[in-house]
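Peer 1: Once you've had a glance at the structure underneath, I'll fire off some questions.
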Amino acid sequence: MALRFYNTLSHSLEEFTPGQAGEVRMYNCGPTVYSDPHIGNMRSFLLADLLRRVFDQRGFRTTQVMNITDVGHLTVDDVADAAGEDKLEKMARAEGIDPYEIARRYEEVFFENLDILGARRAHEYPRATEHVAEMITMIEALIEKGHAYQVDGVGVYFRVRSFPEYGRLSGNTLEDLDAGARIEVDDRKESPLDFALWKIDEKHLMQWDSPFGRGFPGWHIECSAMSEKYLGRTFDVHTGGEDNIFPHHECERAQSLCSGDGEFARFWVHARHLLVDGAKMSKSKGSFFTINDLLARGFEGYEIRYTLISPHYRQPMNFTLDGLEGDRKAVARLRALGERLRGEGASGAPASASAEWRERLEAAQAQFDACLDDDLNVSGGLGVVHETAKALGRGELGPDEAAAGLAFLEHADAILGVIFAESSQVEEGLSPEEQELLEARGAAREARDWARSDELRDALLARGIVIKDGADGVTWERRR
RNA sequence: GGCGGCAUAGCCAAGUGGCUAAGGCACGGGUUUGCAAAACCCGCAUCCCCGGUUCGAAUCCGGGUGCCGCCUCCA
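See the structure below:
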């Protein structure tokens, strides 16, 4: 089946064909590095990763670029507002730490989180602060072509009326937008719809010199300038969260299309927001989770990844801790099977597996691929994986069948990234005391003193250690 | 007010005109185990309501109800 995605621009499912055969160029709206990434942010970045992995697996030469928004759209006032809840920003203000340091610090957290969730690294992560020159060039081009105008001492605005297509992406029309526009404080704009390309505001923490005065770039211009620099004016896929559709991406299109020739992004893929316990994430309701929060609760990166990618990306996903807990078990079963097959299939050859198994696994793989090709239907694909895993788990497999089964799991996991992903938790060993308890229990079992044995097992459980008596010895696992 | 989306079992979630409506979690029963844990097996829904189109609809159309997102810097 051909690849197809829902293209926000056409508001319909479209067959995906890259502009240049065999090559995909993709731009992802990345993080704003002024706080720890939360699960919603990561869901959007994982959508980008899923696309990346599908493109890779289908044999495209993929170039992926994700921007780092480190320009402070943060004024001195904002810092003051945020001071109550953000330690680092408070510190920054109190101790006069450079905002760049804060940005770098959060950028690091972002990359750590990305790795822990098993996202493949993009090919470029351009920082907005390092591309101000490109932005200025683009703004100058827009002014020259009559698509932007300068207001002395205020900044530069994009003239929305000069771009009749404005609204196409978000499904708005200029008339509707005009009618619904909120009252503008600054009437020096020609139209309330016009948006800033360059702003002059002394309170802003980051400032650059420009032909329009010392100030800072508008939010949208960074993506237009950086995508063009790294991917060219026309590229294949642009992703982001649904809230980016308007105004951010609408404005990006306007800027890019008006500043030069050629198409801009051909496919726009947007992730719906996630809810927590059925409602918008909220700090006051205690339903605001960063990736680090979940890691601190002892969840593995691949467990979080599984939860975030399993519902369809265009479906408003409902995140719950109970759901994550449940998914952890589902992943654990797949991982246990994967580990088992790696042992049993070590010496086998998939091609020599029985015809029955070969057919079954080929069919499963074809079905899995078809699901992913069809607008990234991960849930459907997971269904196939679980079904097949169940069959593999019950079957008496020879080495060849095990190897074939393993090959299937590895194929699926090239997209899913959860079955063979490494643990992100630091596995603590047993303390001497715990070790003693474990050995004492072993001795009690040896003596068939079951009461004493169970007592010791409970004692270990109270310390978060789960005991498993297997055929070939006792193993333990730390749990929360 | 404008634009858009969603309603499938206790919970999460696929399915977009046609075999017995995927899968996961939970739950019940069982195999195994000293007992557990883990693993494995078995069971578990007619798809928000009303009307229509059709030989046939969870899937298409109309109406209703409920929930949600966006509307200038929140993925």
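Residue numbers (the numbering used here): 892 to 1371. Glycine included, each C-beta is placed from N, C-alpha and C at the ideal position. None of the values given here were measured: they were computed from a predicted structure.
Determine, using beta carbons only, whether Leu1283 and Leu1225 come nearer to each other than 8 Å.
Peer 2: Their beta carbons are not under 8 Å apart, which means Leu1283 does not touch Leu1225 by this criterion.
Peer 1: Quick check on this structure: which residue in Leu1300, Arg1012 and Pro1102 has the alpha carbon closest to the alpha carbon of Ala1227?
Peer 2: When each option's Cα is compared against that of Ala1227, the closest is Leu1300.
Peer 1: Which residue comes first and which comes last in the beta strand (DSSP E) that contains Arg1196?
Peer 2: Per DSSP, Arg1196 belongs to no beta strand (DSSP E); it is in the alpha helix (DSSP H), Gly1192 to Ile1200.
Peer 1: Would you say Arg1079 and Val1047 are within 8 Å of each other, going by their C-beta atoms?
Peer 2: No, they are not a contact pair.
Peer 1: I'd like the list of long-range same chain contacts for Val1309, defined as Cβ closer than 6 Å, with 5 residues on each side in sequence excluded.
Peer 2: Hits under 6 Å: Tyr1193, Arg1196, Tyr1197 and Val1222.
Peer 1: Look up Lys861 in the DSSP assignment and say whether it is helix, strand or coil.
Peer 2: Because the chain is modelled from 892 through 1371, residue 861 falls outside the range shown and cannot be assessed.
Peer 1: Taking its Cβ as the centre, do 16 or more other Cβ atoms sit within 10 Å of Thr954, making it buried, or is it exposed?
Peer 2: Answer is buried; the Cβ neighbour count reaches 16.
Peer 1: My guess is that Tyr1121 and Glu1247 are in contact by the Cβ rule of under 8 Å, so how many angstroms apart are they, rounded?
Peer 2: Actually they are not in contact, since the Cβ atoms of Tyr1121 and Glu1247 sit about 49 Å apart, beyond 8 Å.
Peer 1: Please list, in chain order, all residues of the same chain as Ala1362 whose beta carbon is under 6 Å from its beta carbon, the five residues on each side excluded.
Peer 2: Contacts found: none.
Peer 1: Can you grab the Cα-Cα spacing for the pair Ala1295 / Asp1304, in whole Å?
Peer 2: Taking the straight line from one Cα to the other gives about 14 Å.
Peer 1: Can you find at least 3 beta carbon pairs, one from the segment 928-935 and one from the segment 1023-1040, that sit closer than 8 Å?
Peer 2: Short answer: they don't touch.
Peer 1: Quick one: Cα of Leu1088 to Cα of Leu1096, how far?
Peer 2: Rounded to whole angstroms, Leu1088 to Leu1096 spans 17 Å at the Cα level.
Peer 1: Have a look at Arg943 and Pro909 and give me their C-alpha separation to the nearest angstrom.
Peer 2: One C-alpha to the other measures close to 13 Å.
Peer 1: Please list the terminal residues of the continuous beta strand (DSSP E) segment that includes Met1097.
Peer 2: That residue, Met1097, is in no beta strand (DSSP E); it is neither H nor E in DSSP.
Peer 1: Check whether the segment 1124-1137 and the segment 1037-1044 are in contact - that is, three or more C-beta pairs closer than 8 Å.
Peer 2: No: fewer than three Cβ pairs fall under 8 Å.
Peer 1: For the beta strand (DSSP E) that Gly1131 lies in, which residues bound it at each end?
Peer 2: Phe1126 to Gly1132 is the extent of the beta strand (DSSP E) around Gly1131.
Peer 1: Do Glu1113 and Val962 have their C-beta atoms within less than 8 Å of each other?
Peer 2: Contact flag set, yes.
Peer 1: What's the C-alpha gap between His1164 and Pro1207?
Peer 2: Taking the straight line from one Cα to the other gives about 6 Å.
Peer 1: Measure the Cβ-Cβ separation of Trp1159 and His1129 and say whether it is below 8 Å.
Peer 2: For Trp1159 and His1129, yes; Cβs fall inside 8 Å.
Peer 1: In three-state DSSP terms, what is Trp1110?
Peer 2: Note: Trp1110 maps to coil in three-state DSSP.
Peer 1: Taking buried to mean at least 16 other C-beta atoms within 10 Å of its own C-beta, is Asp972 buried or exposed?
Peer 2: For Asp972, the predicted model reports a pLDDT of 42, less than 50, meaning its position is unreliable and no value from the coordinates is stated.
Peer 1: Could you have a look at Leu1185 and say whether DSSP puts it in helix, strand or coil?
Peer 2: Three-state result, Leu1185: helix.
Peer 1: Let's see if you can read the secondary structure: which residues bound the alpha helix (DSSP H) around Ala939?
Peer 2: Ile930 to Gln948 is the span of the alpha helix (DSSP H), which, as asked, contains Ala939.
Peer 1: In this structure, how does DSSP classify Thr1366 when only helix, strand and coil are distinguished?
Peer 2: Three-state DSSP puts Thr1366 in a strand.
Peer 1: Once DSSP output is grouped into helix, strand and coil, what is the label at Glu976?
Peer 2: Confidence at Glu976 is low in this model, with a pLDDT of 38, below 50, so its placement is unreliable and the value that follows should be read with caution. Reduced to three states, the DSSP call for Glu976 is coil.
Peer 1: Could you check the C-alpha separation between Arg1343 and Met1172 for me, to the nearest Å?
Peer 2: Rounded to the nearest angstrom, the two C-alpha atoms are 47 Å apart.
Peer 1: Looking at Ala1145: is its Cβ nearer than 8 Å to the Cβ of Val1269?
Peer 2: In this structure, Val1269 does not lie closer than 8 Å to Ala1145 by Cβ.
Peer 1: Ignore the nearest five residues each way along the sequence and tell me which others in Cys1142's own chain have a CB closer than 6 Å to its CB.
Peer 2: If we look at Cys1142 and ignore the five residues flanking it on each side, its Cβ neighbours are Phe1086 and His1111.
Peer 1: Is it right to say Ala1312 is buried, meaning 16 or more other beta carbons lie within 10 angstroms of its own, or is it exposed?
Peer 2: The residue is buried, with at least 16 neighbouring Cβ atoms inside 10 Å.
Peer 1: In three-state DSSP terms, what is Gly1046?
Peer 2: Reduced to three states, the DSSP call for Gly1046 is strand.
Peer 1: For the segment 1169-1183 against the segment 1149-1157, do three or more pairs of beta-carbon atoms, one drawn from each stretch, fall closer than 8 Å, so that the two count as touching?
Peer 2: No, the segment 1169-1183 is not in contact with the segment 1149-1157.
Peer 1: In the DSSP assignment, the alpha helix (DSSP H) including Gln955 goes from what residue to what residue?
Peer 2: Not the alpha helix (DSSP H): Gln955 falls in the beta strand (DSSP E), residues Arg952 to Met957.
Peer 1: Excluding the five sequence neighbours on either side, which residues of its own chain have a C-beta within less than 6 Å of the C-beta of Val1365, listed in chain order?
Peer 2: The answer is none, since no qualifying residue turns up.
Peer 1: Exposed or buried, Gly1272, counting other C-beta atoms within 10 Å across all chains shown (16 or more means buried)?
Peer 2: The residue in question, Gly1272, is buried, as its Cβ has 16 or more Cβ neighbours within 10 Å.
Peer 1: For Gly1189 and Gln1316, which I take to be in contact (beta-carbon distance under 8 Å), what is that distance rounded to the nearest angstrom?
Peer 2: Confirmed, about 7 Å.
Peer 1: How big is the Cα-Cα spacing for Pro928 and Gly1239?
Peer 2: Those two C-alpha atoms are separated by around 43 Å.
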